[in-house]
Each structure stands twice: as structure tokens, then as C-alpha cells.
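Participant:
Protein chains: 4
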Amino acid sequence: MKKIGMLTSGGDCQGLNAALRGVAKALYHELGKDVEIYGIRDGYRGLIEGDCQLMKPSDFSGILIRGGTILGTSRQPFKLMQVPDENNVQKLDKMKETCRKMKFDCLVILGGNGTHKTANLLSQEGINVVTLPKTIDNDLWGTDATFGFQSAVNIATNVVDCIHTTATSHGRVFIVEIMGHKVGWLTLYAGIAGGADVILIPEIPYSVDKVAKVIKDRNQSGKRFSILAVAEGAKSVEEAKMSKKEFKAARAQMLEPSISYRLARELGEKTGQEIRVTIPGHFQRGGSPCAYDRVLSTRLGTAAAQLIKDGNFGNMVALKDGKIVPVPLTEVAGKLKMVPKDSEIVQSARDLGISMGD
Amino acid sequence: MKKIGMLTSGGDCQGLNAALRGVAKALYHELGKDVEIYGIRDGYRGLIEGDCQLMKPSDFSGILIRGGTILGTSRQPFKLMQVPDENNVQKLDKMKETCRKMKFDCLVILGGNGTHKTANLLSQEGINVVTLPKTIDNDLWGTDATFGFQSAVNIATNVVDCIHTTATSHGRVFIVEIMGHKVGWLTLYAGIAGGADVILIPEIPYSVDKVAKVIKDRNQSGKRFSILAVAEGAKSVEEAKMSKKEFKAARAQMLEPSISYRLARELGEKTGQEIRVTIPGHFQRGGSPCAYDRVLSTRLGTAAAQLIKDGNFGNMVALKDGKIVPVPLTEVAGKLKMVPKDSEIVQSARDLGISMGD
Amino acid sequence: MKKIGMLTSGGDCQGLNAALRGVAKALYHELGKDVEIYGIRDGYRGLIEGDCQLMKPSDFSGILIRGGTILGTSRQPFKLMQVPDENNVQKLDKMKETCRKMKFDCLVILGGNGTHKTANLLSQEGINVVTLPKTIDNDLWGTDATFGFQSAVNIATNVVDCIHTTATSHGRVFIVEIMGHKVGWLTLYAGIAGGADVILIPEIPYSVDKVAKVIKDRNQSGKRFSILAVAEGAKSVEEAKMSKKEFKAARAQMLEPSISYRLARELGEKTGQEIRVTIPGHFQRGGSPCAYDRVLSTRLGTAAAQLIKDGNFGNMVALKDGKIVPVPLTEVAGKLKMVPKDSEIVQSARDLGISMGD
Amino acid sequence: MKKIGMLTSGGDCQGLNAALRGVAKALYHELGKDVEIYGIRDGYRGLIEGDCQLMKPSDFSGILIRGGTILGTSRQPFKLMQVPDENNVQKLDKMKETCRKMKFDCLVILGGNGTHKTANLLSQEGINVVTLPKTIDNDLWGTDATFGFQSAVNIATNVVDCIHTTATSHGRVFIVEIMGHKVGWLTLYAGIAGGADVILIPEIPYSVDKVAKVIKDRNQSGKRFSILAVAEGAKSVEEAKMSKKEFKAARAQMLEPSISYRLARELGEKTGQEIRVTIPGHFQRGGSPCAYDRVLSTRLGTAAAQLIKDGNFGNMVALKDGKIVPVPLTEVAGKLKMVPKDSEIVQSARDLGISMGD
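First to last, the protein sequences are chains Z, E, D and P.
At position 180 of the first sequence the residue is numbered 180 (the UniProt record's numbering), and the sequence of numbers has no breaks.
At position 32 of the second sequence the residue is numbered 32 (the UniProt record's numbering), and the sequence of numbers has no breaks.
At position 226 of the third sequence the residue is numbered 226 (the UniProt record's numbering), and the sequence of numbers has no breaks.
At position 173 of the fourth sequence the residue is numbered 173 (the UniProt record's numbering), and the sequence of numbers has no breaks.
(1) For the ligand PLP, I want to know if Gly-112 (chain P) counts as a neighbour, meaning its beta carbon is within less than 7 Å of at least one of the ligand's heavy atoms.
(2) Put Thr-131 (chain D) into one of helix, strand or coil per three-state DSSP.
(3) Since Arg-276 (chain Z) sits in a beta bridge, which residues does DSSP pair it with?
(4) Using a 10 Å radius around the Cβ and a threshold of 16 neighbouring Cβ atoms, would you call Leu-336 (chain P) buried or exposed?
(5) Beta-carbon separation of Gly-22 (chain D) and Gly-314 (chain D) under 8 Å?
(6) Per DSSP, what kind of secondary structure is Asn-219 (chain D) in: helix, strand or coil?
(7) Could you list which residues in chain P have their beta carbon closer than 7 Å to that of Ile-163 (chain D), in chain order?
(8) Please report whether the beta-carbon of Phe-174 (chain Z) lies at a distance below 8 Å from any beta-carbon of chain E.
(9) When you compare only the Cα positions, how much space is there between Met-55 (chain Z) and Ala-240 (chain E)?
(10) Hey, how far is the Cα of Ala-119 (chain D) from the Cα of Tyr-261 (chain E)?
(11) Per DSSP, what kind of secondary structure is Phe-60 (chain E) in: helix, strand or coil?
(12) Got a sec? Which residues, its chain only, sit under 7 Å from Gly-353 (chain D) by beta carbon, not counting five neighbours each side?
(13) Taking the Cβ atom as the reference point for each residue, do Ile-175 (chain P) and Thr-187 (chain P) lie within a distance shorter than 8 Å?
(14) At the 8 Å Cβ level, is Asp-12 (chain D) part of the contact set with chain P, yes or no?
(15) Secondary structure at Cys-99 (chain P), three-state DSSP: helix, strand or coil?
(16) Pick out whichever of E:Ser-74, E:Asp-139, E:Gly-171 and E:Asp-93 has its Cα sitting closest to the Cα of Leu-71 (chain Z).
(17) Under the assumption that Val-183 (chain D) contacts Pro-202 (chain D) (Cβ atoms under 8 Å), give the Cβ distance between them as a whole number of angstroms.
(18) In chain order, what residues of the same chain lie with their CB nearer than 8 Å to the CB of Glu-274 (chain E), ignoring the 5 residues before and after it?
(19) Beta-carbon within less than 6 Å of Lys-103 (chain E)'s beta-carbon, same chain only, minus the 5 sequence neighbours each way: which residues are those?
(20) Classify Thr-298 (chain D) as helix, strand or coil using the three-state DSSP reduction.
(21) Does Glu-274 (chain P) get closer than 8 Å to chain D when you measure Cβ to Cβ?
(22) Report the residues of the region 287-320 of chain Z with a CB closer than 7 Å to any CB of chain E, ordered along the chain.
(23) For the putative contact between Ala-196 (chain E) and Ala-229 (chain E), defined by C-beta atoms under 8 Å, what is the C-beta separation to the nearest angstrom?
(24) Between Glu-30 (chain P) and chain Z, is there a C-beta pair that is closer than 8 Å?
(25) Between Thr-271 (chain P) and chain D, is there a C-beta pair that is closer than 8 Å?
(26) Using only the alpha-carbon positions, how far apart do Ile-279 (chain E) and Glu-256 (chain Z) sit?
(27) Tell me whether Asn-87 (chain D) sits in a helix, a strand or coil according to DSSP, three-state version.
(28) Report the residues of the region 56-73 of chain E with a CB closer than 7 Å to any CB of chain D, ordered along the chain.
(29) Could you name each continuous alpha helix (DSSP H) segment of 4 residues or more that falls completely within the region 212-260 of chain P, going from the start of the chain to the end?
(30) Between the Cα of Asp-34 (chain P) and those of P:Met-242, P:Lys-94, P:Pro-57 and P:Lys-134, spot the shortest distance and give me the residue it belongs to.
(31) Take Tyr-206 (chain P) as the anchor and find which of P:Asn-219, P:Glu-238, P:Gln-220 and P:Phe-225 has the nearest alpha-carbon.
(32) I'd like the list of long-range same chain contacts for Ile-192 (chain P), defined as Cβ closer than 8 Å, with 5 residues on each side in sequence excluded.
(33) What residue range is occupied by the uninterrupted alpha helix (DSSP H) comprising Thr-115 (chain E)?
(34) Quick one: which residues of the region 136-165 of chain E get their C-beta closer than 7 Å to a C-beta of chain D? List them in chain order.
(35) Please work out which residues of its chain come closer than 8 Å, Cβ to Cβ, to Gln-53 (chain E), disregarding the five sequence neighbours upstream and downstream, and give them in chain order.
(36) Let me confirm a value: Lys-245 (chain D) is counted as buried when at least 16 other C-beta atoms fall within 10 Å, else exposed. Which label applies?
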């Protein structure tokens, strides 16, 4: 009898349920009554507190299309420091304790960057772990794709599309603020797919003056509207030069609730136009996964089940060059896959005439 | 030969192009070469400045599904006061001048509340006018429905749906800010359709304490998440008691860019939970009209063409009890169709257990 | 303690779960622990066989957005004849027996035309009944709208939209076969909303020659494509003259699996063009209800709960002139709401230049 | 001055306009007034007949989101045989003649398999050619992805989703016939994404008895419904053994208009259940491209412009391992990328418990 614990951790996204279903269906299909799957509630919180329950095969029926996660999720339980403090050590011990008590043969962990740091820690402490890469940010190292990303791109693109019709009718300037604190994949894709005129991402600091010039130039050439796709984490050239501490202090003093509102004010002053802001927010991570994410989640899920069957632990299942492969957690944890400034896709945006604000 | 001028005025919405197409196709079909249709650019601005151009039948092909308006639009050119000032009189004269110069037999005007005030003024000045009711706010007097409304409801509902999956996964409280400065139809419909737990609309002032209590009660009963559908124009009980002037002053001092951010702060303080905000904004008025709005726009459009053919001017075409009928502009102008506090649909929301914040 | 039995009968549609939720939430909200709701499986089959189970409030959570029906459904258990035969009498007795055994204070029945005949029969036999009007066909007498209809219109319209882009690119003729055996509301709405060139509905028999002429005329005027929205139940002028028996015999001999394939062959022969056929089929009745249907279902559901509370039985809740009102089952049962040939909406289609095939 | 001719050939799909826009915007952006782009009407037909027209930059505005192709398309002008016949040679000569007369520096050709054979032929005759891989079938050799595919997967998946809700409510068996005459990618992806129980694709011949057994086994285990995703080109084991000629003869004698209807009849006889058929047909290739396809089309488009600028002809732009690269036409033409029977994705489907009918 194999006992498997599954948890979802970090911000939720589309495809979590599809992935859980993939793992579970493949395990039940392969191992039949020789497997018990336990759902761990709310990510690592449930693992720390021993909040687990035995799942039935029917629990995984009909969830392929559902957003969110049937297991619940929570943010990371602790900041993972170079030198873990006492508090963290205690939490880690409790997680190991739960695994021991529950006699888990393996933990299946679905999460993003933070989640993978902890997963790697658990793995190094001797717990059998297999992970799946979820995040709308597409910023996980070691995989070409993460589920949730394409679904979020579809939603953000749809927002930009709709803003387009109203912008052209009124001859207005719009900012659409797109999720992504540290990386710009989502904004870049949705900006290209939605036909934005300006795309601002954290990896490429922007100059307000240059963005203002784009708007003014467009006006002069008779294009009365402009659409800016702006990542939550976009930074000005000035901010990019700050130390982390200075940056935090600067942002803490910012009057506006987010960068888009500040940018709207600044651009309004420089162009004389009224700039409107749209914040789709968590809308971007909800709802049913798109077909791409459902297939990806499912493939990753069944591949994870194979790894478990084969006793091949300490890996994340990943998409590499079109194939699903295991990647050691040690290679994944703690790295961020950012948009390379000189990547072909950024160049493609520039070739179209899109301004990256630099 | 009949000469018809068409314009779209005020905030754009879904179905404007479908309605223009309906009027035009029916006129061309009925009158063939005996009709010329002129597009007036950017609403009343174009009428004031004589910015018109002859349209071709092919201009109306393929636009049924397109959001926005091919004619462009702009906000009202003047505040219509009881006693019009000199500036306004001049603008009105210029509009009449354009009609005379262009030899328009009739103006077809698509717009909402503000637009209809001006349309009525033009009509009373002797200009032949037929209007169509457009607005996502559904607040036009004299018609059971306005095109744009159902499309906007669909979008806002979709946002609430998606927020639902993330809210339940995380056990969080979310505010979705929905358009509607003066009336709450859109918020009420999207709130019911999206399964919101609290719906705040301008017509029913809310008590922060009562809303906070709903959230706390839900938490205590094991429901870890709450979703609030909040109209842009929602007001607290305290604000509802203010004079218009006091209210404006109070809002001008508000730190947050909109009511949702203020409410998030207040509720956060009272419940101890983090409250997240989503602002779909102009997203709600963009994109392709839903089928309901396309059919409504088309029916209103062909009915307007019939009024023109019959020389039956000074009317808005309206939906009343399932039928398309003319309603005199004098009955429509200047009135707002608000959500009655004791209406069956509000009662339906209350029966479901939804809090209206009061 | 009130005991309520609920069933859904006939073809499923969007909004059934939303309506069940509306009834249940309102009953629980009003009556609290003084109500027990029983789900009857698979429509009247479950009532005949006593297949009922006590529902929990949580059974109605999260189902607002779900297509289908959580109770299951089945087609009518018997043909309701003028003079009921022995077999039918037995079934009716069994239904009454189930109500007696279960001590149901009221049956809540969601269904379309066939369902309402049986509901009326039960009501006349002394069973307390409240019904809700569901059908994608919009053909129920006594109500201005049925839930499911607008959702189906959206889907069928989307199909026509997509066919449009491929038809224009290739210069082809397409038939989209839309649901509706006896009435043409769905085809008429989707045809207008999708910009079809020809709309064929059961209420207006078509002439193949006239339809062929439309296609040829369009070709000659340079429009290389044509789109036909055809109801499943569309009939030729010749067929319309047949007796019911002759018609059945004629259709039984038809080589093609549906009218669209026959029409494609006939039009192909007459125009020399290849005609392609799309059959979205049951796709049209599946998936999440649109916002309109969710609000309508919910309002009807809470209104039904009110009728139960007030002991006002023998009624269908209906939408009339924008209000939810009770309509006696005796007025509803056995009547079909067809598209009037000379209705304003048909005229609107004609005014646009759409051919109705006559 | 560079003169570029662009054409779209073969069945249309989502993303064609986005790709045309990508090529054009990048060319105008890089070369400004030093480039003239000509649109060739209806694919190779226009090239043969010299039906070309000079495009303006504004022709490429607003088309990113539109389905179909603004240039029109047509099926292949000739069957490309090993030994080209006289007729074909004449057509080829006319194409070259058009290129010479128009002084095209390069032809940009968007198409699928058949299109690429001709493109390769033109290239070998000395015409400068750059091609882009479009097809909903995903069957082009040399590229990991073709635009149109993911959009079609989304549509077909949506159909399967909607069928799901009606199938579960009624306990019925449904066949959804999905496009793909020779390859099964679309059916495989939509089947997995939609949660089908059986997936039949051309690459894996099916046994009717085995499919019938799946349905019966599901019934016995209490699952009252089954959903079959069936490719247009699915073949039985018996048919797979036939020669091409025998197969054609057998299909010519088939009574039903497509494989799904035959399968429905056969399975109905073997299982005693009524089997219903849905044929979304050309619906699958229409409508707005999904975000994935818009980004892919755009990247391929700007990459094609680079190849033109660099004078790097005779290539298809392709996606390989996440990068856009040129692939020689000689490597692409005449090869079909089929679903490998033992591929990881087929195995993933089997691991889930999906029957492939074998």
C-alpha cells in the first residue's frame, strides 16, 4: 500500500485541480486499491498542523474544468533564509512529523517559486517529494511552461481587447495593470496578444518621459488612443538604480495604491491627457483553465504519478522542448526565470513598433 | 432623397455598431438609393463642428459584432442648465446650423441620459430627431432595457466568477468594483449572477459595520471567504445624509482613488482580514456585444428606421413589455431609472441571504 | 416542518441548477430548520419509483454556474393522451403514492412543455405543485422568457460568428443547424445576432427555390458567401401542406440524418455551390448559464419559494412585463408559444434584408 | 524598394490575420517607405491570375483579433504529382509570370501541408519564398506548433465541456466529431482537455467492440454517461487493413454523412443505448485567435520579416524548442507530423483511464 500526500501552496491558479486529478487518476489507474491519497489542507499549513484527509476517487471527478484548488492553499509558512531561525526549524520538524505519522511514501507538491524552496528543503531532509510547476507568472526555472500561465494570458488579453474598443471610440489613453511583481512574462504576452502600444515589465526599467513621448507621437500621427500594458512590478529607470531598501522606502511613500495610478498621474501631467486605469487583479488567476493548461496539467500529473511509481523522487516534472521530463529540485529551487531583455520575443515586440518604455 | 445624420454620444458601450447597422441596413433596404446616411464624428462635437461624412453601405458590413462605435464618441459638450448660458446657446446654434447646411431630414442619436437631454433640446428647437437608448447602466427612463447592459453584466459576472475560485481557495475577502456612479443595476445583476455575498449599490446606503459583521459571521460559520460586489457610486449611510456639496467635499478628501479601496481599508480594520480589490473598469464596456444586445440593438435600429420612414420624430425607440415602441423624448429626458429599494429583484437578493449592506 | 420535493424533467438546459439553488436558498433562509428539501432523481422517473433523497444546504453551494442538473433528468414518462390509458394511470398513481409516502407539502417541478402537462395533471389530482419554466426553446406559454434560452442563443450565435470568418475567407455557403423542433425562437435570435443571410424556422415554411435564389443573387452582387441559420424543425412549403402522417412518412424516407443535410444537397444542386453543414447539437444546451439566465433562474427560484411559503400552489412562476408573477398551470399546460409570422422581430429581420425563405 | 507579395492558402484558421499583421508591421517598421506589400487574393488562385493589390499600413490595423484572412483563401490549385502534368506546368508558369510582372522580391506564403508543397516547388523554380505554418491540424513537419491549433483546441474543448453537462444530466452517450482527416492532434488535445472517456484518432485504429465495451463497463460501474471525441478521419481496425483504393470504395458506400453517424449506429446496436452526435465542423476554425496563437503568429510574422530583410529565402519560420528558427522548405514539404502511437501524451491519456479504442 502506497500512501501519498498532496498539497497545493502559494497563490492559486488555473489548472491546479486538473493537475491533482491527473496525479490521482493515474495513481488509481496504475495502483488500484494499493494506493491511498491524502489531501493536505491549505498547503504547508496543513502539513505543519497535520490537517490531512483521505480522498476518494470521486473527489477528483468533475474538477478538470474548475478553477482554484479543492485542497485550499496558503502563502508560504516561513521566509526561507540562508540560516534558518528556530521558528522555521520547528515548522520544518512538524512537517516531517506529519509525514512520519501519516506514513506518507511521497509528498506531491504543486506550487511556484516559494513553494519549491520549501519542497527542496523537505527533499533534502529525506522526505520523498515530487513537485509540479504551477504559476500564472511563468517564472519557474527548469521548465518551459507552467500551468496557469496561458489561462492568465487569455484573461489579461481579453481585458486589453475590450479596452481597445472603448479606447478607440473615445480616443483615450488606458493603462491595464497586469499581474507580475518580479517578472514580466504575463504582461509581455498579454501586451503582444492584445495589441498594446506600450509594454512595461520589471526586467526593462521604463522612462516616464519616453512613454509620454510615445503617447504624444501617436497623437500627432492621428492615433488618438494608446494602450499601456503595465506589470504590477514595473519600475522606472530611477527606481531600478535604487538599493532594495531605498526602493522599498520609496514605494512605501507612494501615494497611489499601485504603480499604474502613479504612472497615470505622471503621464497625465506630461501629456495633458486623462489616463484611465484598469486593475483586473486576481481575476487573472481565477476561472476555468484554458485547454492548453488542462492538457499541460494533465500530462504533468500523469508524469508525476509515473515518478512516484518508479520511486524517482526529489524532482519537479517539467516541460522541456515539448517533452515532460523530471528536473532535480536542487536545480529549480531559488531561481527565477526572468524575461531576457534581448530575447527574441522582446525583439518581436519591438519589431512591431511596440515601445518597451526604454 | 432623404438625408440622415447619425451620431453616438457619451460613454461607449457594446451594441452601438449593431444599432447603427440596424438603422442603416433598414434604411438602405427600404429606401435604396433614395437615402444618404452621414456619419457625424465623435458625437455632438462633430455636430457642432460640422464634422460629417457620407457613409457607404459597406461601412456597415461586419460591424454587428464589434465593440465601440465606428463613428467615435465624446462626452457631452455642455452641462445643460435650467437657464442655458451664452456658450451653450452658441453650441446649440452651431448644431442647428450643421443640420441646416447638411440638409438633414433627421438626426439619429444613440446615447444615454446626458445625450437624451441634448437630443430633447434639439427636438424642441425643431430638429427632427430619433434616438436609441444605449448604456451599460440601464438607467434610461422609458425603456425596459438599454443595449450594452447585458453585455456589461456578462463581463462583470465573469469577473466575479473568477474571483470566486481564487477566494474560495485562499479563504479571502474580495471587493469587485463594478461600474455605475448613480445607479446600481449593473452591480445588482452581476452580484446576483456571480453569487456575491454582499451587494452595495448607490440606491441603498451601506453601513460599514453591518458589512463587517457579514464577513465576520461568515467566518464564524466556517465560510472563509466573502465576495463584495460594490458599485462605483456606493455610499455609506453617513454620506447619504450629506448635502451634495458636503458629499463632494468629503470625497475630494478621500485618500483612496475609489470607494473600493476605502472600503477595503475600513473593513480590514474592522475584521482584521486582508481585503483585496479588483477594478475591471472600462473593461466592462468593451468588446463584442452579447447575443441579447445584438438582437435588441438590431430591433431598435430597424424600428428607428421605420419611424424615420413614417416621419414620426421626437421619439426614442424603447423596449416596453417585450415590444419595441416609440416614447416621446419629453418623457425620457432628464429622468433616471434607479433601482427601487423594495423591488422584487432586490427582495430576491435578500431572500437568497445576500446582504445589501443595510 | 415543511417537506418539499424538487425535480427537473425533460431536456436539460442552462440555469436548472441556478434555479434549484434559488428555491433552496430562499426556503432555507426563510424557514431555516423548518424545511426539508428532497431531491427526486431523474425527473418523473424518480417520482414514480420513489427515488428521493434528503438534500443538505451545502448541496446547493457552488452550483449557480454549473450547467446540467444535479438532480438528473429524463424525458417524459408517458405520452399524455386525451383519454389516459391504464399504464399511464398506474404511473400517475405511483407518483401520488410517492408524494404521500414522503409527506411532501409541495412538489417543485422544473421543466418545459411536456413537463408542464404532467405537472398540471398532478395538480389537478390534488398534489401541491409549483413549477419553473425551463427550456432553450422559449416556447412555454404564459411567460415572456424561459431560462436556458439566452444561454443557448449565445452559444448558437458564437457558432454563427465563427462560421462567418471562415465563410468570408473562403467564399462559401454554410448551414448552421440550430435546435428547435417545433418553434424557431432560438434560430431566429441566433440568426439575427449572428448576422445570418437566411433564417429558416418551423413557423414559416421555406421554398428551396427562393433560398437558392438568395444565394445566387448574393453571388452576383459580389458577396461570395452566405450563411443559413436553419432550425432542426424547418419545413418546406410542400411539407407544410402535408398531413401529420404524410409528413412523418416523408421524413422517415429522407436519406439524410437531418434537414440541413437534405437542404445542403438540394441547394448544392440548384446553385452549383458546395454547401457545408455544422450541427452544434446538444452543445447548445450545455455549459454555464449566461448572466441573464442566472438572474432569471434565481428570481424565479426565490419567487417559487415565496409561493410555497404562502401556500399558493398550482402555479408556474413566470416573467411578465419585467415582473415575476404566478400563472395558473391550467393556463400554461398544453400550449405552445410559437413565433408569430408577422411579429415585430420577424419584420425586423426582413427589414435588415434577411430572407426568411418564403 | 522591396516588393513583397503575401498570400494565404488552404483551409483558413485563427491567426492568419495576426501573422499577416506581424509580417507587415515589422516590414513597415524596419523598411519604412522602402517596402511595398501586395496582397494576393485567394491564395494561389490570385498568384496564377495576377490578382494582387497594393496594401496600405492601415489595412493591417485592427486585424490582430479577427478570424479568417483579409486576403481570402482557396484550396490548392493542383494536385502535386511526382510527374507534374501539362496543366500543372502551365499554372506554375503563370505563378512565376505574376512574380516577374509584379517584380516581387519575395513571396510570403501562409499555409499548411498542401500549400507547402507548392511553396517548395516555387522556391525550387527560383522564386524567393518565406512561409509561415498555419493549420488547426498541427500536422506540419519541422515546427513544434502551428498557429490555429490552440484556438481550435479551445473551441473543440468548449464543445466537449458543454456536452459533458448535458451528458451527465441525462445519462447519455455522445460523440463529438472533431476536425482532422489524417491526423489526430486536435482530437487528442480536445479529448484530454475536455475529459472525454474515449478518444479515436486516425493514427490508432479502433475496434467498435472495444469501444462498445468501454461504454457498457462504464454503465455497469454506475457511470451512466460516456463522451467520445472522434476525429473525422478515425478508422476502424478493419479499414486500417484496407488498401487506399478499397478504403475509398468502402467509405463511398457508407450511408452516413460522416464516421460519427456510422459509429453512433454501430455502437447503438451493440450497447442498446441511444448515441447522439455533435458536429461542430468549421466552427472549429473560425473566430478570434486565442492569446497563444496571437503571440505565436506575431512572433512568426516578425521573424519572417527578418528573413526577408536578411535575404534568407526558401525557409519556413518555425517554433523549435521555444525558439523561432528558419527551417528549409525542402525539409518540410510533403511530410506529415502524425501523433506517434507511443508518444508520452497518448500514454498520459491511457494513464488517465481514457480508451483509445484499441
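Don't be surprised by glycine CBs; every beta carbon is placed ideally from N, CA and C.
Facilitator: From the atom records:
(1) What this structure holds is no ligand at all, so the ligand PLP is not there to describe.
(2) strand
(3) Z:Phe-174
(4) The Cβ neighbour count for Leu-336 (chain P), taken over all protein chains shown within 10 Å, is under 16; the residue is labelled exposed.
(5) For Gly-22 (chain D) and Gly-314 (chain D), no; Cβs fall outside 8 Å.
(6) helix
(7) His-282, Phe-283 and Gly-286
(8) With 8 Å as the cut-off, Phe-174 (chain Z) counts as an interface residue toward chain E.
(9) 51 Å
(10) 51 Å
(11) Helix at Phe-60 (chain E).
(12) none
(13) no
(14) For Asp-12 (chain D), a Cβ of chain P is located within less than 8 Å of the residue's own Cβ.
(15) helix
(16) It is E:Gly-171.
(17) 6 Å
(18) Arg-172, Val-173 and Gly-268
(19) Lys-3
(20) In the structure shown, Thr-298 (chain D) sits in a helix (DSSP, three-state: H, G or I).
(21) Not a single CB atom of chain D sits nearer than 8 Å to the CB of Glu-274 (chain P).
(22) Gly-287
(23) 4 Å
(24) At a cut-off of 8 Å between beta-carbon atoms, Glu-30 (chain P) makes contact with chain Z.
(25) Not one chain D Cβ lies under 8 Å of Thr-271 (chain P).
(26) 14 Å
(27) It is helical.
(28) Leu-64 and Ile-65
(29) 237-241 and 244-253
(30) P:Pro-57
(31) P:Glu-238
(32) The residues are Ile-199, Ile-345, Ser-348, Ala-349, Leu-352 and Ile-354.
(33) 113-124
(34) Near chain D, meaning a CB-to-CB distance below 7 Å, the residues of the region 136-165 of chain E are Asp-144, Gln-150, Val-153, Asn-154, Thr-157 and Asp-161.
(35) Tyr-38, Gly-39 and Arg-41
(36) exposed
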